[in-house]
Amino acid sequence: MAQNPMRDDPTPPPALARTSAARIAVNVDGVAHLDEVEPRLLLVHYLRDRLGRTGTPIGCDTGNCGACTVDLDGMSVKSCQVLAVQADGRRVTTIQGLAGPDGAWHPLQRAFHEQHALQCGYCTPGMIMAARDLLKDNPDPTPEEVRDALEGNLCRCTGYQNIVRAVLAAAAELRREGAPEPRGKAAGAPRASGQEAPA
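Mapping of the sequence shown onto numbering that gives the first Met the number 0: position 34 corresponds to residue 33, and the numbering continues sequentially without gaps.
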């Protein structure tokens, strides 16, 4: 009886072969990183598991809840819908990167706290990042415009009233300050294997 050459071949089929790593250079919250990642690794998992940026929660992994929203080169994105390799050569800002160099809260972070715009807090990072995106383009939004801008972000605890109130309060504070928004730490020299540059 003839042997089946496919069965005796120890080489795995191409679809099962190990995927090679891709090199990326990405700036996260003002810190440059050089790393190797699997091409299929989601940005949210890279941020949390490799870089320890756990302020960006994993809510659904399907792009439905918006909890994992981050800023990618000035645009609000759901990081569970972006591959880490798509962030190569780009700048990512997470909720942890909004505070000033001295650790002072961003006006949106402060307003969410002061206006009681959270209960469990799980959706809060994504809400703040989406609101930040709105306020960059529209510094004086109406309540309806705030609701429209946040429609891709789900909160299962609140009725959204305090969230809208917080965004409007932060918008008013940012207009009063008239100063550029705090951007986090200054960029440092890139480090290999996801290591941060010293502060």
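The beta-carbon is built from N, C-alpha and C at its ideal position, and this holds for glycine as well.
Buried or exposed by the 16-neighbour rule on C-beta atoms within 10 Å, applied to residue i
| i | result |
| --- | --- |
| Ala24 | exposed |
| Ala20 | exposed |
| Pro142 | exposed |
| Pro100 | exposed |
| Pro106 | buried |
| Asn199 | Examination of residue 199 is not possible in this model, given that the chain is present from 0 through 198 alone. |
| Gln108 | buried |
| Arg52 | buried |
| Thr93 | buried |
| Ala185 | Its pLDDT being 37, under 50, Ala185 is placed unreliably by the model, and the measurement read from it follows with that caveat. Ala185 comes out exposed. |
| Asp72 | exposed |
Rounded C-alpha distance that separates residue i from residue j
| i | j | result |
| --- | --- | --- |
| Leu117 | Ile162 | 7 Å |
| Gly158 | Arg49 | 35 Å |
| Ala148 | Leu46 | 24 Å |
| Met126 | Glu113 | 15 Å |
| Val166 | Thr68 | 16 Å |
| Arg174 | Leu133 | 14 Å |
| Cys79 | Glu176 | 34 Å |
| Arg151 | Trp104 | Per the sequence shown, residue 151 should be read as Gly rather than Arg. If you take the alpha carbons of Gly151 and Trp104, they lie about 24 Å apart. |
| Lys169 | Leu33 | Just to set this straight, residue 169 is Ala in the shown sequence, not Lys. Near 35 Å, if we compare the C-alpha coordinates of Leu33 and Ala169. |
| Gly88 | Lys77 | 18 Å |
| Gly65 | Pro38 | 23 Å |
| Gly96 | Gly102 | 10 Å |
| Arg155 | Gly54 | 18 Å |
| Gly62 | Leu153 | 11 Å |
| Ile57 | Pro140 | 28 Å |
As assigned by DSSP and simplified to three states, the class of residue i
| i | result |
| --- | --- |
| Val27 | strand |
| Val145 | helix |
| Gln108 | helix |
| Asp34 | strand |
| Leu82 | strand |
| His97 | Residue 97 is actually Leu in this sequence, not His. Residue state, collapsed to three classes: coil. |
| Leu46 | helix |
First and last residue of the uninterrupted beta strand (DSSP E) at residue i
| i | result |
| --- | --- |
| Thr123 | From DSSP, Thr123 is part of no beta strand (DSSP E) but of the alpha helix (DSSP H) over Thr123 to Asp136. |
| Arg90 | Arg90 to Thr92 |
| Asp70 | Thr68 to Leu71 |
| Ser19 | Careful: Ser19 lies outside any beta strand (DSSP E) and carries neither H nor E. |
Bounding residues of the alpha helix (DSSP H) (the contiguous stretch that carries residue i)
| i | result |
| --- | --- |
| Val163 | Gln160 to Glu176 |
Distance cut-off 7 Å: residue i Cβ against heavy atoms of the ligand ATP
| i | result |
| --- | --- |
| Trp104 | The model on display carries no ligand, and the ligand ATP is accordingly not part of it. |
Own chain partners of residue i with C-beta closer than 8 Å, once the 5 adjacent residues on each side are dropped
| i | result |
| --- | --- |
| Leu40 | Leu82, Ala83 and Val84 |
| Arg146 | Tyr159 and Val163 |
| Glu144 | Leu133 and Asn137 |
Sequence-distant residues of its chain with Cβ nearer than 6 Å to residue i (five each side left out)
| i | result |
| --- | --- |
| Arg22 | Glu35 |
| Glu172 | Pro106 |
Proximal residues to residue i (C-beta, below 7 Å), its chain only, five neighbours per side dropped
| i | result |
| --- | --- |
| Phe111 | Leu117, Thr123, Ile127 and Ala165 |
| Ser75 | Thr68, Met128, Ala129 and Asp132 |
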